[in-house]
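**Student:**
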Amino acid sequence: MTTAAVSLRDEVTDFLFEEAERADAGDYDGWLALWDETCTYWVPCNVDDYDPRTHVSIIYDDRARLEERCFRLTTGGAHSQEPKSKVCRVVGNVRVRAPEDDEGFVEAEARVVMVELRLGHKSVYAARVHYTLRRTEDGFRLRHKKVMLLDADEPLGNMTFLI
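Residue numbers -1 to 161, in our numbering, belong to the letters of the sequence shown in order.
1. Between residue 7 and residue 92, which are expected to be in contact by the criterion C-beta below 8 Å, what is the C-beta distance as a whole number of angstroms?
2. Following the continuous beta strand (DSSP E) through residue 35, name the residue where it begins and the one where it ends.
3. Would residue 97 be called buried (16 or more neighbouring beta carbons within 10 Å of its own) or exposed?
4. Give the range of the beta strand (DSSP E) segment to which residue 109 is assigned.
5. Quick one: what does DSSP say residue 28 is sitting in, helix, strand or coil?
6. Would you give the residue range spanned by the beta strand (DSSP E) that residue 89 belongs to?
7. Can you tell me whether DSSP reads residue 145 as helix, strand or coil?
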């Protein structure tokens, strides 16, 4: 790998760690600030690749829906999060799949393992995650996040928290 490729991978990795930390900490305003104005947050259901506009998804949010999701989690409007889930995730195997283009976009992938604890019950989620990032003056912003859960074709419990 070239020095530039290693540097870009390190920048992307640091950004993905920051995004995970804010989600785990329940810093919804900080987490939302990492997203671009035009964005999608997608968790497919059953299969990983289909048109989410014509098929059911676990989550398929644009910026307005992300803001609504964070508002509910912040203000107590997410009744299924009373009491709130405790979440801890590990992000690893970060790969830059497409180097930064002329418009500042970078394609990356990672593996995520997350443990949620709520009401004495532990749930473990594993996923392959695809990210499209856009470089801004203030650093990277998430343009697209696609979370491909290992068990997306199995019955899942309450997933009101941020994946």
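Just so it is clear, CB atoms sit at the ideal spot from N, CA and C, and this is done for glycine as well.
**Tutor:** Put simply:
1. A Cβ-Cβ distance of about 7 Å is found for the pair residue 7 and residue 92, placing them in contact under the 8 Å criterion.
2. Unbroken beta strand (DSSP E) run through residue 35: 33 to 42.
3. Classification for residue 97: exposed.
4. Taken as a continuous stretch (DSSP letters only), the beta strand (DSSP E) holding residue 109 covers 103 to 116.
5. Look at residue 28 here: in three-state DSSP terms it is helix.
6. Going by DSSP, residue 89 is part of the beta strand (DSSP E) stretching over 84 to 96.
7. Three-state DSSP puts residue 145 in a strand.
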